[in-house]
Amino acid sequence: MKKILFTLILITLLVGCSKNNNNGNTIENNTQTAENTAGYQFDYQGVTMSMNDNAAAIVDALGEPMDYFEAPSCAFQGLDKIYYYSGFDLSTYPGTDGDYISAIEFTDDSVSTKEGIFIGNTRDEVIKTYGNDYTEESGSLTYTKGKTKLTFLIENNAVTSINYEFITD
């Protein structure tokens, strides 16, 4: 499980290593743009998050993280950051006018997707909830909506990891 978590964190950091497609979309008072809301969203304690949202407003609304990590971005000028909250990690990449959400990774079963899926659900429950329009690779089911990939890692017919990821072109 630690290897999977390390791999997902590494992938999250590398997401920032692709072309920057920041088109200036930001949120103010948690109101999202049309591009952001076209993808899958995650709700936590009344805070709705979409990939490529302006991270400052989200981090402020979520409050103090349990932990924090930053590293120089390999693709942008600035720092890639990971904020650790109870049940999930929030990853960001630097843009020209602030940081933006690049990924959200669930760390336990205390949180669920907006559609109600959490770590521990079965493969069939995921498919019943999200449908058959997925790609399957190495035990993962990946759904794509707008600029968001939502990936469920399945082991022994149970969801062991859930990850939202911003799609860069």
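Numbered according to our numbering, the sequence shown spans residues 85 to 253.
Cβ atoms here follow ideal geometry from the backbone N, Cα and C, with glycine treated the same way.
These numbers come from a predicted model, not from an experiment.
6 Å CB neighbourhood of residue i in its chain, flanking five on each side removed
| i | result |
| --- | --- |
| G230 | A122 and G123 |
| K165 | E154 and T176 |
| Y214 | Y227 |
Buried or exposed (CB count within 10 angstroms, at least 16 for buried), residue i
| i | result |
| --- | --- |
| D173 | buried |
| M150 | exposed |
| S134 | buried |
| T219 | exposed |
| G179 | buried |
| S222 | exposed |
| D253 | exposed |
For residue i, three-class secondary structure by DSSP
| i | result |
| --- | --- |
| A145 | helix |
| A155 | strand |
| S194 | coil |
| A187 | strand |
| D173 | strand |
| E209 | helix |
| N240 | coil |
| I203 | coil |
Per DSSP, the bridge partner or partners of residue i
| i | result |
| --- | --- |
| D217 | Answer is none; D217 lacks a bridge partner. |
| M133 | F126 |
| N297 | As displayed, the chain neither begins before 85 nor continues past 253, which places residue 297 out of reach and without an answer. |
| K231 | For K231, which the question treats as bridged, DSSP gives no partner whatsoever. |
| I246 | F236 |
Residues near residue i by beta carbon distance below 7 Å, same chain, minus five either side
| i | result |
| --- | --- |
| V143 | Y167 |
| Y248 | Y124, F126, M135, A187, I188, T232 and L234 |
Are the stretch 138-145 and the stretch 233-244 touching, with three or more C-beta to C-beta distances below 8 Å?
-> no
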